[in-house]
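J.: Sequential numbering of the sequence shown, starting at 9, is according to the numbering used here.
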Amino acid sequence: MSSTSPTSSSKAGSAAQRSGLLLGSLGAAVRFAVTTRAGGVSRAPYDTLNLSTAVGDDPIAVAENRRRVKASCGLRSVCFQYAEHGAHIEEIDFPRASAAADPVADGMVTTVPGVGLAALAGDCVPFAVTDVGGGVVAVGHCGWRGLLAGVVEAVVDAVRVRAKGPLLAAIGPAICSACYPVGEDVAARVVAKVPAAAVRTPEGRPALDLRAGVDAELGLRGVEVTRVVAGCTYEDPRFFSHRRDGRTGRHALLAWLEA
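Next comes the structure, spelled out in C-alpha cells:
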C-alpha cells in the first residue's frame, strides 16, 4: 500500500500545508502545489475543492474553488488542462482569462513566470518537470493510456528544448497498485512498453503501478525525480478517486515559475 504522508521520505524536501494545499519547491525557481478535497465550496459528491468543470459540478462553485487555489498560491493566472489520455502538449505563453480557454491536452509547458499550470487528476498520475535553472516548467497527466501514448516522453521533450540545464521532476498522488487491478489485455499492452508498471495484487491479479511507470519513464530520459507527494488516491480520503467513488471531483497538481 502507498504511504499517506504528504511527502515521500525517499525523496528530498517537504510539502507545507495551506488551505487544503500541499506546497513544495522544485529546483531554483519553481513552486508546486497539490490540492486536496478540503477548502472549497462544492457540494457532495464533489465536496469540496473540486477543480474540474467537466464532471457535473456547479460551474459557480468550481470558479470559486479555482479562485481560492489561485489566491492561496499567489498566482495571477492558472490554466487547467483537460486530458484526452494521449500525448498532446500545449504551450501556454500568456495568461488564460477563463475556464473556456483551458486547453484539451495531456500536458502544458510555459516559460512565463507567475502563470500556474494545473494537471487535473482523480487516480491518474499528475507530474511536473522543470530545469535546474527554473526557466521552464511543464505539467502532465498520465494513466495507462498515457503511458502507451508516450505522454511522459512528450512532456520531457517539451521542457528539454527550452531548458538550460538538467531536468527535475515532481510526482503527485495517484492510485496505488494494490487498488488498481486491470485486465490481462491492458496489463500486457502496458508491460510491453513500460515494464516497470507491471505488478500483481496480493490476490495475484494483474495490476498497474502507474507512479512506478512514470518514475521509470522519467529516469530513462535522464530526469531526476526529487519530489513525490505520497498517498493512494483510492485509499486516502483527502483526494478524489474516480475508481473509488465514480461520480466525484478532481484535484490537481499545479506548478509555476516564480515571478
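For every residue, glycine included, the Cβ atom is placed at its ideal position computed from N, Cα and C. Keep in mind the model is a prediction, meaning the values are calculated, not measured.
How many Å lie between Ala267 and Gly212 at the Cα?
T.: 49 Å
J.: If I'm right that Gly180 touches Ala129 with Cβ under 8 Å, what's the distance once you round it to whole angstroms?
T.: 7 Å
J.: Which two residues bound the contiguous beta strand (DSSP E) that contains Ser33?
T.: 29 to 34
J.: The beta strand (DSSP E) with Leu125 in it runs from where to where?
T.: 123 to 129
J.: With 16 as the cutoff for other CB atoms within 10 Å, does Glu98 come out buried or exposed?
T.: By the neighbour-count rule (16 or more Cβ atoms within 10 Å), Glu98 is buried.
J.: With a Cβ-Cβ cutoff of 8 Å, do Asp114 and Gly154 count as a contact?
T.: The Cβ atoms of Asp114 and Gly154 lie closer than 8 Å to each other.
J.: Taking a contact to mean a Cβ-Cβ separation below 8 Å, would you say Val86 touches Glu72 in this structure?
T.: In this structure, Val86 lies away from Glu72, with their beta-carbon atoms at least 8 Å apart.
J.: Bridge partners of Ala263, per DSSP?
T.: Phe40, Leu125
J.: Near Ala195, what residues of its chain come up, given a Cβ to Cβ distance below 8 Å and the 5 sequence neighbours on each side ignored?
T.: Excluding sequence positions up to five before and after Ala195, its CB lies within less than 8 Å of the CB of Ala206, Pro214, Ala215, Leu216, all in the same chain and listed in chain order.
J.: So what does Cys150 bridge to, in DSSP terms?
T.: Val133
J.: Could you tell me which of Thr44, Ile68, Arg170 sits nearest to Leu261, measuring between CA atoms?
T.: Of the listed residues, the one whose Cα sits closest to Leu261 is Thr44.
J.: Would Gly257 and Asp65 qualify as a contact pair, given that the criterion is a beta-carbon distance under 8 Å?
T.: The answer is yes: Cβ separation under 8 Å.
J.: Rounded to whole angstroms, what is the Cα-Cα separation between Gly47 and Val144?
T.: 29 Å
J.: Pick out whichever of Asp253, Trp264, Leu265, Ala263 has its Cα sitting closest to the Cα of Ala52.
T.: Asp253
J.: Among the candidates Val159, Ala69, Pro189, Leu29, whose CA atom is the shortest distance from the CA of Phe135?
T.: Val159
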